[in-house]
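Participant:
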Amino acid sequence: AADKITVGALRFTSHAPSFIAFERGYFAEEGLDVTFEYFQAAQPMAVAIASGDVDFGITAISGGLINLAEKGAIKVVGGGLQEEPGVDGQMILVSKAAYDAGVTSPAQLKGKSFGITQTGSSFHYIAHKIADKEGFDRSELTLRPLQKVGAIIGALKTGQIDAWAIVPHIAKPLAEGPEIEAIGMVADYIPAYQVTTVFTSTANTVDKPDLVKRFLAAFSKGAADFNAALIDKTTTEEEAEALVQLLHKYVNNDEPYEKAAPSIRSGAMRINEGAKLNMASIADQLAWFQSEKLVPATVTMELLVDPSFVETD
Amino acid sequence: MTSLEQSSLDQTSGGRAAGEQREGLRPVPYRGGGFRPVPIRLIGPFVFLAIVALWEAGSRSGVISNLVLPAPSEAFEAFSYLVESGQLWRHLSASLQRLVIGWTLGTALGITVGLAIGLFSLARAGLLPLVSALFPIPKIALLPLFVIWFGIGEGSKVATILFGTFFPTVIATYGGVDNVDRTLVRMGQSFGLSWRSIVRKIILPGAMPAILSGCRISASIGIILLVAAEMIGAEYGVGAYILMAGSLFATDQLLAGVAILSMLGLIVSWLIGRLERWLLAWRG
Amino acid sequence: MTSLEQSSLDQTSGGRAAGEQREGLRPVPYRGGGFRPVPIRLIGPFVFLAIVALWEAGSRSGVISNLVLPAPSEAFEAFSYLVESGQLWRHLSASLQRLVIGWTLGTALGITVGLAIGLFSLARAGLLPLVSALFPIPKIALLPLFVIWFGIGEGSKVATILFGTFFPTVIATYGGVDNVDRTLVRMGQSFGLSWRSIVRKIILPGAMPAILSGCRISASIGIILLVAAEMIGAEYGVGAYILMAGSLFATDQLLAGVAILSMLGLIVSWLIGRLERWLLAWRG
Amino acid sequence: MDLLLRGITHRYGATEVLNGIDLTVSEGEIVCIIGPSGCGKSTLLRFIGGLERPDEGEVLLSGEVPAGSLNPLTYVFQDFALLPWRSVEANVSLVLEDHPLSAAERETIVADVLERTGLSDFRKALPRQLSGGMKQRVAIARALSVRPAVMLMDEPLSALDSQTRELLMDDLVALWQRERFTACYVTHNLAEAVRLGHRIVVLSRRPGRIRTVVEIDRDLGAREAGDPKLDAVQRELWQLLRDEARAADREIADDVA
Amino acid sequence: MDLLLRGITHRYGATEVLNGIDLTVSEGEIVCIIGPSGCGKSTLLRFIGGLERPDEGEVLLSGEVPAGSLNPLTYVFQDFALLPWRSVEANVSLVLEDHPLSAAERETIVADVLERTGLSDFRKALPRQLSGGMKQRVAIARALSVRPAVMLMDEPLSALDSQTRELLMDDLVALWQRERFTACYVTHNLAEAVRLGHRIVVLSRRPGRIRTVVEIDRDLGAREAGDPKLDAVQRELWQLLRDEARAADREIADDVA
Ligand SMILES: Nc1ncnc2c1ncn2[C@@H]1O[C@H](COP(=O)(O)OP(=O)(O)OP(=O)(O)O)[C@@H](O)[C@H]1O
Ligand SMILES: Nc1ncnc2c1ncn2[C@@H]1O[C@H](COP(=O)(O)OP(=O)(O)OP(=O)(O)O)[C@@H](O)[C@H]1O
Ligand SMILES: [Mg+2]
Ligand SMILES: [Mg+2]
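Chains as they are written, first to last, in the numbering used here: chain A, 29 to 341; chain B, 144 to 427; chain C, 144 to 427; chain D, 135 to 391; chain E, 135 to 391.
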């Protein structure tokens, strides 16, 4: 019989490979009986893996995830979304007011405020990487934890915060509106940024390495389909359309298809082939967390990552 | 001394002066009344409609920007869509199930612990400080731990509501037990009633008004906590719907969700009112 | 009939039988007592210490995994670090400022509106349904709108606490006004006291016990809402500290933060107790 | 100053409470109003004091208000109606504060009425520290402080135990002998009525009508317990009231009480 | 069955409430206990009923408990102590439910006592629908239902208005004439004591001591209002109590009351 597993998911395009693998039977081919558990945010997903409610998750590396790894509960086993030159990646946005006041490039962000969801989130990391590259002190960028993406959007639209960075399927429609301007790309500040990773419980990596391998295999097939249709555009338009329709079942499904399809398409970013993992990017992120004292200095790459399942570089 | 017989001849007279003519008569000044607000019918609905109408007009004319507040009609549209698509029932049934289970368990446990604190010195000395210390802890703060303790399924959601309703019920119950008229208890003892009889027939019914008003409070806390409870891995549920609307900044859906919670609150409070009228009919 | 004089010679005698010898004497059975829990000293602290000790032992021995619950000593360490690094004061002062401003405004507004509802039919008919409908709305649900309305600075944080404390104060105040003994009001009118005098000297002091117990409730609601309020753009504050600890899954810091809120609640409740003892000294 | 009631009739909802009451209270006399429970005695007193208005009929004043009377029609309530948060003297001064009096004048009046009611030692006490009898004395002192033309007393002694009641009756008699106040005195207690009333108005069961008025012209100071004539009046009043009292007692309040 | 009190002394904290009370209550007699407020009358009654234990002294029973008595020492309380959520019949049946009686037996007893107290028409009424007098009748019916050997009555009529009190006194006399019950009757009201007591025990102020015991051997049924001898006893009792009553009245409760 097939192994029953639970996969944690957000209703984002970044989770498309799982949805595709499920819909096109790749999981079934690997003998996996998958049920999805949906989350509103990434952090609880990490906790759910630690508590054993969920077997696999895909999300950005956050402070919470590292702390759970430090407690020996979870491990990163593969790569997900990655920034790549030439593919629309995360964008740096500023409010109209800030733009009019002269913040037309990230270099002028010194002394401005920057929206993040929570301390230790990927937004936090991005903000500091921008400060580092532009050569001003990290503390010159005022961080505003607003918990939710929606709250950040509201704050940015009304000019209460000056800047933010976000994935393209959210950034593009915002930048087209009158209240917000795009001033740069995150990829310029964090090259080869490993945005999301695949992770699982430590117990799975030890007791069921085979299960992890099979999951990653199916996931990789889904990622390949996704990249072919929406990033590399090597498939026919019909096939791409079919894929978008498939994804609409999971993503933006509270909007009519006509409205949802463009945002699904425009939001597509490359998913690592074969769930390849960029170890350098992860090491950089870990180092940043430690430099900000958000995670104990005792966390090592070995505690955080189990590189035995996928190709790394 | 006029004897009774004499004056009783004069049964209809109000004394010597009634009917007599006097000068300088004036009525006593009226100085009573007031300090007793009386219900004025239709004012409530009128104020409500007026606010909605003004708000709608403000939204349509652009005085109230759509960003600040969506028009009531938009919120209503979002609500209609929920009804038509059948999603309403899905959200509502998920939330109601959590509410009913969490509230029932929390209330049952709360009444039990409250009775123990109300009846036994040891329970009071040992448990009351704990209850007082744990009561004011915000449940959202504990969510990350709840996920570990109770999982991301229904467990943690029910637990959030259970914890939220448990403490106020404990406090209402032991307060109610404390306030049961002690002469009734002494009466029971003086007739040789057993301890069980006294608790069952005197203490419990006597504490019932307080317990029910505790239920009223815990039910509204339960509804409020739906949002917090459904922060963790809930796909359906009114709280999850509101959170999703909030994170998408879909203010029309947000308001529709809030209105659903508000109506849910009114309905639950009405139900408890019925229960009170039934259980406390003796109060008249 | 024995005359009074006769029997009063016999002043110390308890009647004909006292002292007499009888057979079959037995004491009346005792059947009173109980149903009045008495305080037992030291049990409270003992239970508390026992729980902490057991928990610490459980954590050290590994029975309670670090993932499930950090040891109390770890939470205490996190707290010590807060104190030593001076961060405690920074978080606490930020939160206290929000709490004091929001609670003061909410309470002042709440008492005003509550008095109006308690005194005027029109206010009652118009405002009470609104208050009842808005009271049970969870404040977290409205956070996205609060951000738009009041900004992400102190405005929205104070507003969250203000809204949270306003409604219970309104309800406590008008309930208190309703419960002021009407004979006292009639007394005031019968002596020709002015409307202002009656409100100031009879209604307000009479409603004071209810208003103060409303303050007790609203203060704990304010403390609970600190976490929700500091979800939006707060760098410092106990709520922000707890949220950060939660998002980093730093459970030791989380517990330290929760303990700080708990202690804050106890201190505020103690302060209100002092205020009650001072303002309500007449209750004895 | 006299008080005239003409054709007072009143209904609460569907129940008629009072029907065609005509009555005069003359200066210096104590009129006792007795009747079974619920016959409208308190309602009648509220009409007299202007706290409520009858459906029909009128309550009239005739003659000059005595000079210096701050509140011509002044109540003494059954449950004392003292503000529990004010001391004895502050409870008295409460009813003077809205009048244009200097603090010294107020202080003089308060000291005077407390002296006259034997409360000088209790000035600073709070109501909860006092026995029922002392509380009612404070209420009487408060009533005296506004120099009433007519005192409206609604069962002023019913909340007291019987021994205290005796003591206070003595006090009231002594007070009347000194001050000759006018009063409308509502009571259930025939002994009280016979002891304190110059005239006793007997009301019937609801709707309250005047059944009879008994005049007792023996001086209040000369009325002794055990006086056979007073006893006879009291017994006859009881004959008159007994059946109605029993009927009132056996009444079941309807569910919407 | 007789009741013997021997050297009852009791203290609440620092205040001595009762001192050296010796008393016997014999079968078939009503012993009235009177005294000023706070002299320990209710406390004494609680000792007799076994609801509290005195610091010193003992309360003893002598003789056989009458056959069929379910609760030999049975209280009637001043404030009726009816369960407001139970109807009249359920309030009576409450005290039978813990005894091994069949439903039919219970029903017979309830019907019987309600009949005897004239409450048959009120079986289904709730306490709040009844007047004070009827409530106390229910309490008496409840007490009768357990066939007491001694009734312990703590100011059973003080919460009633004076007319109802008269009616209930008549009822109690009639009841005693039929049933010859034994009772310890605490009261403030000398008229009640003189009307109902075979013996009247006068207590002093706190600490309560027995000052005197007055025996009145006129049959209860033959005692009429206006009987000069009874009046004389009542007046003499009042002479005895007046000063202490006044002193008790003028007591200030300390702040920790
Ligand atoms: N505000 C009111 N609204 C409706 N009914 C009332 C009101 N006040 C009194 N009643 C009713 O009117 C009747 C007369 O009441 P009132 O208090 O005047 O009687 P009373 O003679 O003073 O009785 P008691 O001897 O018990 O004091 C009663 O049946 C009472 O229930
Ligand atoms: N449980 C108690 N704890 C402390 N003091 C008490 C207690 N019960 C009674 N007292 C005090 O003991 C004294 C006697 O009380 P008790 O009630 O027996 O008097 P009483 O004669 O019945 O008075 P009353 O005539 O007012 O009913 C009072 O001063 C009272 O305050
Ligand atoms: Mg009355
Ligand atoms: Mg007593």
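All residues carry an ideal CB built from backbone N, CA and C; glycine is no exception. A quick note: this is a predicted structure, and the numbers were derived from the prediction, not measured.
1) Could you check if B/Leu300 is buried or exposed, using at least 16 other CB atoms within 10 Å of its CB as the buried criterion?
2) What are the boundary residues of the alpha helix (DSSP H) that includes D/Glu378?
3) Residues of chain E with CB closer than 8 Å to the CB of C/Tyr379, please, in chain order.
4) Considering only DSSP beta bridges, list what E/Glu192 is partnered with.
5) Given this structure, state the Cα-to-Cα distance separating E/Thr321 from E/Gly169, to the nearest angstrom.
6) Helix, strand or coil: which one does DSSP assign to A/Ala37?
7) Does any C-beta atom of chain H lie closer than 7 Å to the C-beta of B/Phe310?
8) Say yes only if the C-beta of D/Ser176 is nearer than 6 Å to one or more non-hydrogen atoms of ligand 3, and no if none qualify.
9) Should E/Met287 be labelled buried (16 or more other beta-carbon atoms within 10 Å of its own) or exposed?
10) Quick one: using the 10 Å Cβ neighbour count with 16 as the cut-off for buried, is A/Asn281 buried or exposed?
11) Taking C-beta pairs closer than 9 Å, name the residues in chain A that B/Gly400 reaches, listed in chain order.
12) Tell me whether D/Ala283 sits in a helix, a strand or coil according to DSSP, three-state version.
13) First and last residue of the alpha helix (DSSP H) that includes A/Tyr66?
14) Contact criterion: CB-CB distance below 7 Å. Does D/Trp310 meet it with respect to chain C?
15) Three-state secondary structure (DSSP) at B/Leu147?
16) State the Cα-Cα distance for the pair E/Glu198 and E/Pro234, rounded to the nearest angstrom.
17) Going along the chain, which residues of its own chain have a beta-carbon closer than 6 Å to the beta-carbon of C/Ala266, five neighbours each way excluded?
18) Using C-beta distances below 6 Å, list every residue in its chain close to D/Leu278, excluding the 5 sequence neighbours before and after it, in chain order.
19) Would you say the beta carbon of D/Arg173 is closer than 6 Å to some non-hydrogen atom of ligand 1?
20) Please list, in chain order, all residues of the same chain as A/Phe254 whose beta carbon is under 8 Å from its beta carbon, the five residues on each side excluded.
21) Taking 6 Å as the cut-off, is the beta-carbon of D/Tyr319 closer than that to any non-hydrogen atom of ligand 1?
22) For A/Ala251, which residues of its own chain have a beta-carbon under 6 Å away from its beta-carbon, when the five flanking residues on both sides are left out?
23) According to DSSP, simplified to helix, strand and coil, what is D/Pro206?
24) Hey, does E/Asp232 have any beta-carbon neighbour from chain B nearer than 7 Å?
25) Are any of the Cβ atoms in chain D nearer than 7 Å to that of E/Gly331?
26) So is D/Tyr319 buried or exposed if we call it buried at 16+ other beta carbons inside 10 Å?
27) Would you kindly check if the distance between the Cβ of D/Asn205 and the Cβ of C/Gly331 is under 7 Å?
28) Out of A/Arg39, A/Met119, A/Asp260, A/Phe84, state which residue places its alpha-carbon closest to the alpha-carbon of A/Glu204.
29) In chain C, what lies closer than 8 Å to A/Asn232 by C-beta?
30) Whole angstroms is fine: what's the gap from C/Lys282's alpha carbon to B/Ile366's?
31) Taking a cut of 7 Å between CB atoms, which residues from the segment 330-345 of chain B lie near chain E?
32) Which same chain residues, not among the five before or five after D/Trp372, have their C-beta less than 8 Å away from its C-beta?
33) Is the closest heavy atom of ligand 2 to the C-beta of E/Tyr146 under 6 Å?
34) Evaluate the contact criterion for the segment 350-359 of chain B versus the segment 406-423 of chain B: three or more CB pairs, one atom per stretch, below 8 Å.
35) Give, in chain order, every residue of the segment 362-393 of chain B whose Cβ lies closer than 9 Å to some Cβ of chain A.
36) Hey, quick one: how far does the alpha helix (DSSP H) through E/Asn225 stretch, first residue to last?
Facilitator: Well, looking at it:
1) Looking up residue 300 of chain B in the second sequence gives position 157. Note that residue 300 of chain B is Lys in the sequence shown here, rather than Leu. Buried, because 16 or more other Cβ atoms sit within 10 Å of the Cβ of B/Lys300.
2) As a working mapping, residue 378 of chain D is identified with position 244 in the fourth sequence. Residues 362-383.
3) Locating residue 379 of chain C in the third sequence gives position 236, counting from the first residue. Within 8 Å Cβ-Cβ: nothing; C/Tyr379 doesn't reach chain E, min ~46 Å.
4) Within the fifth sequence, residue 192 of chain E is the residue found at index 58, counting from 1. E/Glu192 is bridged to E/Arg140.
5) As a working note, residue 321 of chain E is residue 187 in the fifth sequence. As a working note, residue 169 of chain E is residue 35 in the fifth sequence. Whole-angstrom Cα-Cα distance: 8 Å.
6) For the purposes of this step, residue 37 of chain A is taken as residue 9 along the first sequence, with counting starting at 1. Strand, per DSSP.
7) Among the protein chains in the structure shown, which are A, B, C, D and E, there is no chain H.
8) The residue you call residue 176 of chain D lines up with position 42 of the fourth sequence. D/Ser176: yes, Cβ under 6 Å from ligand 3.
9) Indexing the fifth sequence from 1 puts residue 287 of chain E at position 153. Classification of E/Met287: buried, given that the 10 Å Cβ count is 16 or more.
10) Counted from its first residue, the first sequence places residue 281 of chain A at position 253. Classification for A/Asn281: exposed.
11) Residue numbering aside, residue 400 of chain B sits at position 257 when the second sequence is read from its first letter. Ordered by position in chain A, no residue passes the 9 Å Cβ test against B/Gly400, which lies about 13 Å from the chain.
12) In the fourth sequence, residue 283 of chain D corresponds to position 149, counting from 1. The answer is coil: DSSP assigns D/Ala283 none of H, G, I, E or B.
13) Against the first sequence, residue 66 of chain A aligns to sequence position 38. From DSSP, A/Tyr66 is part of no alpha helix (DSSP H) but of the beta strand (DSSP E) over 60-66.
14) Along the fourth sequence, one-based indexing puts residue 310 of chain D at 176. Chain C, which has no Cβ nearer than 7 Å to the Cβ of D/Trp310, makes this no.
15) If you number the second sequence from 1, residue 147 of chain B lands on position 4. The predicted position of B/Leu147 is uncertain, since its pLDDT is 47 and thus under 50; no value can be drawn from it.
16) Your numbering for residue 198 of chain E matches position 64 in the fifth sequence. Your numbering for residue 234 of chain E matches position 100 in the fifth sequence. If you take the alpha carbons of E/Glu198 and E/Pro234, they lie about 21 Å apart.
17) Locating residue 266 of chain C in the third sequence gives position 123, where the first residue counts as 1. Around C/Ala266: Ala259, Ile260.
18) Position 144 of the fourth sequence, counted from the first residue, corresponds to residue 278 of chain D. Cβ within range, chain order: Val247.
19) In the fourth sequence, residue 173 of chain D corresponds to position 39, counting from 1. Sequence check: residue 173 of chain D is Cys here, not Arg. Flag set: Cβ of D/Cys173 near ligand 1.
20) Sequence index remark: in the first sequence, residue 254 of chain A carries index 226 (1-based). Once the five neighbours on either side are set aside, the close Cβ partners of A/Phe254 are Ala44, Pro45, Ile48, Leu271, Ala296, Ile299.
21) Locating residue 319 of chain D in the fourth sequence gives position 185, counting from the first residue. Result no, Cβ not under 6 Å from ligand 1.
22) Taking the first sequence and counting its residues from 1, one reaches residue 251 of chain A at position 223. So the qualifying residues of the chain are Pro45, Ile299.
23) Numbered from 1 along the fourth sequence, position 72 holds the residue referred to as residue 206 of chain D. D/Pro206 falls in the coil class under three-state DSSP.
24) Within the fifth sequence, residue 232 of chain E is the residue found at index 98, counting from 1. So, interface residue.
25) Taking the fifth sequence and counting its residues from 1, one reaches residue 331 of chain E at position 197. Taking Cβ atoms only, chain D never reaches closer than 7 Å to E/Gly331, which makes this a no.
26) The residue labelled residue 319 of chain D in the question sits at position 185 within the fourth sequence. Burial call: buried.
27) Start at 1 with the first residue of the third sequence, and residue 331 of chain C comes out as number 188. Start at 1 with the first residue of the fourth sequence, and residue 205 of chain D comes out as number 71. Not in contact: C/Gly331 and D/Asn205 (Cβ atoms no closer than 7 Å).
28) What you label residue 204 of chain A is simply residue 176 of the first sequence in a count that begins at 1. When each option's Cα is compared against that of A/Glu204, the closest is A/Met119.
29) The count along the first sequence starts at 1 and reaches residue 232 of chain A at position 204. Going along chain C, no residue has its Cβ under 8 Å from A/Asn232, so there is no contact; the nearest lies around 15 Å.
30) The sequence position of residue 282 of chain C within the third sequence is 139, counting from 1. The sequence position of residue 366 of chain B within the second sequence is 223, counting from 1. Straight-line Cα distance between these residues: approximately 12 Å.
31) Met330, Gln332, Ser333, Phe334, Gly335, Leu336, Ser337, Ser340, Lys344, Ile345
32) Along the fourth sequence, one-based indexing puts residue 372 of chain D at 238. Taken in chain order, the residues that qualify are Leu324.
33) The residue given as residue 146 of chain E occupies position 12 in the fifth sequence. Answer for E/Tyr146: yes, Cβ within range of ligand 2.
34) yes
35) Glu373, Met374, Ile375, Gly376, Ala377, Glu378, Ala383, Leu386, Met387, Ala388, Gly389, Ser390, Leu391, Phe392, Ala393
36) By 1-based counting over the fifth sequence, the position of residue 225 of chain E is 91. Element bounds for E/Asn225: 222-228.
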